[in-house]
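Trainee:
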Amino acid sequence: MKLYVICPRCGAKILIQSTAKVRGELPYSFELICNLGHKEIYNSHNVLAGPELGKVQGGIIIGGLLGAVIGGPLGAVLGGIILGGAGASTDNTEKEAVARFNTS
């Protein structure tokens, strides 16, 4: 999951480098500068969470490539299905974590 705030002056999304899973793990207030140079003070209630995208697609591609190397065309299809399914499970877990963070 990625964490970010929105600059109130220009609307830019500012990504925050943090492994926090809940708001309580963030400092209450902090200062950030957006790409346009606007310096603002934010608090933990301004932080939003969003999913890291692409895990399903990555699983399908990697699974397909590994399957193709090991088992030819049929291996490519089966590898894509298996690792794509694993990526989908990870995406669902991530969506739940994002929803928990945004409602806390």
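For what it's worth, the numbering used here labels the leading residue of the sequence shown as 200, then goes sequentially. Note that beta-carbon positions come from the ideal geometry of N, C-alpha and C, so glycine has one too.
Among 200, 219, 223 and 246, whose alpha-carbon lies nearest the alpha-carbon of residue 206?
Mentor: Translated into positions along the sequence shown, residue 206 becomes position 7. Per the Cα distances, 246.
Trainee: My guess is that residue 251 and residue 293 are in contact by the Cβ rule of under 8 angstroms, so how many angstroms apart are they, rounded?
Mentor: Here residue 251 is taken as the residue at index 52 of the sequence shown, counted from 1. Here residue 293 is taken as the residue at index 94 of the sequence shown, counted from 1. Right, the Cβ-Cβ distance comes to about 6 angstroms (below 8 angstroms), so this counts as a contact.
Trainee: Does the beta-carbon of residue 210 have 16 or more other beta-carbons within 10 angstroms, so that it is buried, or is it exposed?
Mentor: Counting from one through the sequence shown, the residue named residue 210 turns up at place 11. Exposed, because fewer than 16 other Cβ atoms sit within 10 Å of the Cβ of residue 210.
Trainee: Can you tell me the Cα-Cα spacing of residue 290 and residue 303, whole angstroms?
Mentor: Counted from its first residue, the sequence shown places residue 290 at position 91. Counted from its first residue, the sequence shown places residue 303 at position 104. Answer to the nearest angstrom: the Cα atoms are 20 angstroms apart.
Trainee: Pick helix, strand or coil for residue 255, following the three-state DSSP scheme.
Mentor: Translated into the one-based positions of the sequence shown, residue 255 becomes position 56. In this prediction, residue 255 scores a pLDDT of 47, lower than 50, which makes its location untrustworthy; the coordinate-derived value is nonetheless stated afterwards. Correct three-state label for residue 255: helix.
Trainee: Can you have a look at residue 227 and say buried or exposed, based on whether 16 or more other CB atoms are within 10 angstroms of its CB?
Mentor: Here residue 227 corresponds to residue number 28 of the sequence shown, with the count starting at 1. Counting Cβ neighbours within 10 Å, residue 227 comes out exposed, since fewer than 16 surround it.
Trainee: Could you give the distance in angstroms between the alpha-carbon of residue 242 and the alpha-carbon of residue 229?
Mentor: As a working note, residue 242 is residue 43 in the sequence shown. As a working note, residue 229 is residue 30 in the sequence shown. If I take the Cα positions, the gap works out to 6 angstroms.
Trainee: On the three-state DSSP scale, how would you describe residue 242?
Mentor: The count along the sequence shown starts at 1 and reaches residue 242 at position 43. In this structure, residue 242 counts as strand in the three-state DSSP scheme.
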